[in-house]
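Residue numbers (this note's numbering), protein chains in the order written: chain W, 11 to 371; chain Z, 3 to 563.
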């Protein structure tokens, strides 16, 4: 059985560093290493996701997607990233320069911090404490400030309308996200990501344990999560047909690149959360009774499980995006306030009943 | 596809034409070079004095139910004065009438406005003012429409020194904030008032001229109340090329090239209209083969246009996949065009007296492959987009255009038919081979964006059926009549219309017997559709502007000309 605990690595590293330097310097060095690791992973996943999005959308649209740069177009995204990096950041007259330059960093900071919450493997969490889910929700709300600032400071009517829509949409859908997470916390009894994952490894995935209410919560989470990421069919804030590019109309170069990056990583984070909370995180698929199958599944490392599940959810969300037309702003808000919020409240009660009567697995 | 809701109509006989001579029932072989009988598209113009014009128009509108102002054309007859030609039609009786009014005052020409009778007259009279300087008393918005606000002179006048008065300007075009309203007072004097276009405190957003979903270089100034649209002011003319003025110095074969540049998704039909107008005016009868080829080409073009309409609507509403489904199928038509015409967008196919080249040997085979292919693929459109509940929410009940509004604004084509108006030129005044084929005029009654889409999709099926009936029965014969090297049209005023991809495309030709037209005016299919946007969008949300603009379906080069 492949039950690798990543703690062995971190503890070994800590011991190694404290052997040559004082405690505080060791922790500082570790923090820097971790930060570098996050940033690298962040960039790598962004590139993978952008390539995946292009290929997936091309497949849906009877096209091939990027094919020219590198074999199967694999180097296309690298080319695009370098292009983005070398582009000039244009400063516009009559914009609020300070806020205009600050806004993309807020968005990307919020996105990176939430990225650090993901449990990659047993013992491989970066930010992990007993109110993990609470922290995640709080930090992910920070991104909307960046979007509103971008809209306001651009001094452009399109941007402003886009930002206002985005603000209304994201704040509304956070309610559903919070509610579905609360439903699952009822089931797990803990808000710590590592404990949630460990519990699922021991007792089975939450989506199976919580059966009906968990499946409902999963579906609501996917819809709301999609809206949180500002992706189709909820891509109103930046919907190009009315508002050209919404809140990031006036951004260029890497400032625009940050929004682009954050959009894709938020997609990954949203899917990562879904796989952590509903699909067992790094826990392998275990089917009671099929011992041989379970043995094989357990041989696959936890990180592979986590990334695999996450990309599966990402694929689901891309499928949605490339199938549906866009909603109108009032329809988006009425979907949330009239349907999803009441439904998730009822679902919360249902989950409470299921747990009170011990009807879960 | 729910066929129950579909209001269809069987083949209707040609509407009686009062002003023109009755159409010959069977095509006469070998028309004479100089016809003894007047050409069938010759307009018999009733001359009305400006003082009596409004009363006469009101009588025609109220008593003779002339509720459709088909065409309004400004004219400059030099010494005979400036004037306007009106084409009226009754949607009830099918009767048609042409009127003409003239003013000899070149310094300050004034004519009464008919905006109160027909809504579309608003933009038409603005066009006449822009080009000829004729001011209309009683018009609520007497402002230029295509030329810059600071343009000097009136370019369509025969004595205008356009280039001398208007050097290349290096500054941006100013946009007018107010407009002139002329009212005729009881004592016969004219009073001029200024009127603000937008109220103080209106939140005005510019949609265009560079915007992904205006389908060309179109500019709307939109006053918003929150997300709701209060008023739309279209600013036209960003790609005005003065095609009508250019025509006056080109020979007839040369004018043909410009028609493809009007509605680029109706290139076949526009050019067909002009060729047919010239042929009828000259009394040339084209062979049956040419008629059938032109009909098939027109219908292929219509399918092409309607697929692009569907695709662009999907793109505007964020359904990018459906957009590419449309493009995948449109490509097949373009390939068929390419083989025979050499072009894909600008086709240059019709000529005076025939077509440029005979059909490619592969043509029939390709078209016969295409018909079942398209019938199969159109089901995918319903699966991925038309049946989607999000699209239903976006389109049903959005931008409702009533039948009365559609007629008053002259919104022909699918937009009018979605509102219940039977306006298909192929049925009203059959031309080419349309009287030989069976097809339904697709009409719905809802008048909303959803109906406008369904009308187009059903028209694709009807067009396929028309092509299917003709493709195996293309008669043998010459594809080009023998024409004189220099083509001259007998003096007179002629009007011919065809059913373009998005409505009635008309050609008004005034000839003095020279080798160039004296005046060649196109009844744009798109101009009434842009004019109706303010009415149809008011009260809807900004996002609906995109849905409505997409389904109303205008093409900007055709609007601006």
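Even for Gly, the Cβ is constructed at its ideal location relative to N, Cα and C.
If you're wondering where the values come from, they're calculated on a predicted model, not measured in any experiment.
| Query | Result |
| --- | --- |
| C-alpha gap between residue 292(W) and residue 282(W), whole angstroms | 10 Å |
| Short CB-CB distance (under 8 Å) between residue 39(W) and chain Z | no |
| Residue-level contact to chain Z via CB, residue 350(W), 8 Å cutoff | no |
| Three-state class that DSSP yields for residue 367(Z) in the structure shown | helix |
| Alpha-carbon spacing of residue 43(Z) relative to residue 78(Z), whole angstroms | 21 Å |
| Candidates 45(W), 167(W), 205(W), of which the one nearest residue 286(W) by Cα | 205(W) |
| DSSP bridge partner residues for residue 78(Z) (one or two, in chain order) | 84(Z) |
| Local conformation of residue 431(Z) per DSSP, three classes | coil |
| Nearest-angstrom Cα separation, counted from residue 104(Z) out to residue 84(Z) | 6 Å |
| Residue 128(Z) - containing alpha helix (DSSP H), residue span | 123 to 134 |
| The segment 231 to 249 of chain W: positions lying closer than 9 Å to chain Z by Cβ | 242, 243, 245, 246, 249 |
| Residue-chain proximity (residue 333(Z), chain W), Cβ-Cβ < 8 Å | no |
| Residues within the segment 331 to 351 of chain W neighbouring chain Z, beta-carbon criterion of under 8 Å | 332, 333, 334, 335, 336, 337, 338, 339, 340, 341 |
| Interface positions of the segment 71 to 89 of chain W facing chain Z (Cβ-Cβ less than 8 Å), listed along the chain | 71, 72, 73 |
| Within-8 Å CB hit, residue 167(W) to chain Z | yes |
| Sequence-distant residues of the same chain with beta carbon closer than 7 Å to residue 236(W), five excluded per side | 244, 327, 330 |
| 8 Å Cβ cutoff met for residue 281(Z) and residue 354(Z) | yes |
| Local Cβ density within 10 Å of residue 35(Z), reported as buried at 16 or more and exposed below that | The pLDDT assigned to residue 35(Z) is 47, lower than 50, so where the model puts this residue is not dependable, and the model offers no usable value. |
| Closer than 8 Å to chain Z by CB, residue 197(W) | no |
| Residue 363(Z), buried or exposed, once every other Cβ within 10 Å from all chains shown has been counted against 16 | exposed |
| Interface flag, residue 45(Z) vs chain W, CB-CB below 8 Å | no |
| Whole alpha helix (DSSP H) elements within the segment 321 to 399 of chain Z, 4-residue minimum | 322 to 343, 365 to 383, 391 to 397 |
| Segment contact, 8 Å Cβ cut-off, at least three pairs: the segment 159 to 168 of chain Z with the segment 178 to 185 of chain Z | no |
| Proximity test, Cβ basis, 8 Å: residue 584(Z) and chain W | With chain Z running from 3 to 563 in the structure shown, residue 584(Z) is simply not present. |
| Beta-carbon neighbours of residue 320(Z), restricted to chain W and to distances below 8 Å | 242, 243, 245, 249, 251, 334, 335, 336 |
| Per-residue burial, residue 306(W) [other beta carbons within 10 Å of its own, 16 or more giving buried] | exposed |
| Three-state class that DSSP yields for residue 255(W) in the structure shown | coil |
| Residues in the segment 338 to 360 of chain Z having any Cβ partner in chain W nearer than 9 Å | none |
| Whole-angstrom distance between residue 297(W) and residue 318(W), CA atom to CA atom | 18 Å |
| Proximal residues, the segment 528 to 543 of chain Z versus chain W, C-beta separation under 9 Å | 543 |
| For residue 254(Z) and residue 512(Z), the rounded distance between their alpha carbons | 12 Å |
| Short CB-CB distance (under 8 Å) between residue 249(Z) and chain W | no |
| Alpha carbon of residue 186(Z) to alpha carbon of residue 173(W), nearest angstrom | 49 Å |
| Residue 232(Z) beta carbon less than 8 Å from that of residue 226(Z) | yes |
| Segments assigned alpha helix (DSSP H), at least 4 residues, entirely inside the segment 240 to 328 of chain W | 250 to 253, 263 to 287, 301 to 309 |
| Straight-line Cα distance separating residue 52(W) from residue 67(W) | 22 Å |
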